[in-house]
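First to last, the sequence lines map onto chains A and B.
Last residue of the first sequence? That's 194 in this note's numbering, and every number before it is there in order.
Last residue of the second sequence? That's 194 in this note's numbering, and every number before it is there in order.
Even glycine gets a Cβ: it sits at the ideal position worked out from N, Cα and C.
The structure under discussion appears below in the form of structure tokens.
Number of protein chains: 2
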Amino acid sequence: MTSAVRLFAENGYHATGIEMISHDTGIGRGALYHHIGSKETLLFEICHTRLSDLLTQSGRIVAAEAAHQERFRQLMRSTMRNLAEHALEWTVAFQEFKALTGQRRAVIQDARDRYEAMVAGILRDGAGAGEFRELDPLVVKGILGHFNYSYAWIRPDGERTPEEIADLFTDTVLNGVLREPR
Amino acid sequence: MTSAVRLFAENGYHATGIEMISHDTGIGRGALYHHIGSKETLLFEICHTRLSDLLTQSGRIVAAEAAHQERFRQLMRSTMRNLAEHALEWTVAFQEFKALTGQRRAVIQDARDRYEAMVAGILRDGAGAGEFRELDPLVVKGILGHFNYSYAWIRPDGERTPEEIADLFTDTVLNGVLREPR
């Protein structure tokens, strides 16, 4: 899978043939087909592994008894660590998942929706509890971009840890950049 | 160029051959080579046109005499309108620009850096003027993702205008989501 991840991330899904994966791994095409089925199965597995992992970690954090801002912070720390440690896989998952078709596409879209719903749920619960402002539901889209788009540059061994970066971004989203917010 | 944008966005740069563009446009390969030079020239032109346009509009806004939060708001309105009206071009520019090499890659990277520097400049000036909090320079990366990642879903004819969405996101970034920011 490591080989497919790298080839998909570097060349794009459509430009990567099974024969390239075969050449890169030294596994024959026949054996590849036998073990993984198809190129689309590989893409699905990459997306599915990342999102399942993210949803498991996130589900635990979201279910915790804690202030809504603290759940938000922990969720974003966990997300950024995941993005940083699997940046290539996430590049493939974000940029290539639309190449999936039928049931595979539906499963991945559903997993993405469930993650988005977790973030939206914290914002809604926090507003209901008076901890957050009343927020337009679309606000979640911006917040997802704030954290998720870091797949393009974040690395686990950077100058700051993923958790430090998550905290910086969380502070911006929670408190705003204005010295005296309205 | 419309044809190349669509093919690059749908299939990825590496999977799109000049013969596909030739077939799609009905322009012969010879004529295509004569007019555009190479596939990489096409990719460069797509990225360069978008970024030049964005930098021209942004430069005007950034140079205006206005409160820093107002300059920020206008910059983001303009950015979101640009992203929405050219969503496919931006998909190519964001996802494929790393396929550029040498001088072409350097020119596009420089343009991206200049846009980032404009946003960072507003944050720095605003903090210097006491309008914004003192912010870690890395904060700009999250803010760029907050707005720019919308290339993946924003459209000019959506239920909300790009400017309305920009305002929602700007309110989040300026004021934060906490009812009582620290």
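| Item | Value |
| --- | --- |
| According to DSSP, residues forming a beta bridge with R190 of chain A | The residue asked about is misnamed: residue 190 of chain A is Leu in this sequence, not Arg. DSSP output for L190 of chain A lists B:F144 as bridge partner(s). |
| Chain A contact for K51 of chain B (CB, 9 Å cutoff) | no |
| Beta-carbon proximity check, Y127 of chain B vs L66 of chain B, cutoff 9 Å | yes |
| Whole-angstrom C-beta distance between M92 of chain B and I33 of chain B, which should lie under 8 Å | No, I33 of chain B and M92 of chain B are not in contact; Cβ-Cβ is about 30 Å, not under 8 Å. |
| Rounded C-alpha distance that separates F56 of chain A from A105 of chain B | 25 Å |
| Own chain residues within Cβ distance below 6 Å of D137 of chain B, not counting five before or after | H80 |
| For M92 of chain A, three-class secondary structure by DSSP | helix |
| Interface residues of chain B facing R172 of chain A [CB-CB closer than 8 Å] | L150 |
| Between the CA atoms of H158 of chain A and R167 of chain A - distance to the nearest angstrom | 16 Å |
| Cβ-Cβ separation, L87 of chain A to V74 of chain A (assumed contact under 8 Å), whole Å | 6 Å |
| Buried/exposed call for E101 of chain A, threshold 16 Cβ in 10 Å | buried |
| Proximal residues of chain A, C-beta to C-beta of E143 of chain B below 8 Å | L190 and R191 |
| Buried or exposed (CB count within 10 angstroms, at least 16 for buried), Q107 of chain B | buried |
| G170 of chain A (DSSP reduced to helix, strand or coil) | coil |
| Straight-line gap, G49 of chain A to A43 of chain A (C-alpha atoms, nearest Å) | 9 Å |
| Backbone secondary structure at S70 of chain B - three-state DSSP | helix |
| Near-chain A residues of the stretch 102–118 of chain B - C-beta to any C-beta below 7 Å | Q107 |
| For R145 of chain B and R189 of chain A, the rounded distance between their alpha carbons | One detail in the question is off: residue 189 of chain A reads as Val in this sequence, not Arg. Rounded to the nearest angstrom, the two C-alpha atoms are 6 Å apart. |
| Residue of A:P149, A:A99, A:L54 and A:M130 minimising C-alpha distance to T68 of chain A | A:M130 |
| 4-residue-minimum alpha helix (DSSP H) runs that sit fully inside the stretch 27–67 of chain B, ordered along the chain | 30–37 and 41–48 |
| Reference G142 of chain B, options A:E192, A:G24 and A:A27, closest by Cα | A:E192 |
| Beta-carbon proximity list for H98 of chain A, same chain, < 7 Å, skipping 5 on both sides | R62 |
| Interface residues of chain B facing Q121 of chain A [CB-CB closer than 9 Å] | Ordered by position in chain B, no residue passes the 9 Å Cβ test against Q121 of chain A, which lies about 13 Å from the chain. |
| Min CB distance R93 of chain A to chain B below 9 Å | no |
| Y25 of chain A - DSSP class collapsed to helix/strand/coil | coil |
| Amino acids of chain A, ordered along the chain, whose beta-carbon sits closer than 8 Å to that of Q81 of chain B | L190 |
| Own chain residues within Cβ distance below 6 Å of R85 of chain B, not counting five before or after | T182 |
| Within chain B, the residues that F181 of chain A reaches when beta carbons sit closer than 7 Å | G154 |
| Partner residues on chain B for L135 of chain A, Cβ-Cβ distance less than 7 Å | V189 |
| Contacts that H26 of chain A makes with chain B (C-beta to C-beta distance below 7 Å) | N23, G24 and A27 |
| N-terminal and C-terminal residue of the alpha helix (DSSP H) that E108 of chain A is part of | A99 to E108 |
| Chain A within 9 Å of Y161 of chain B, Cβ atoms only | yes |
| Within-9 Å CB hit, L186 of chain A to chain B | yes |
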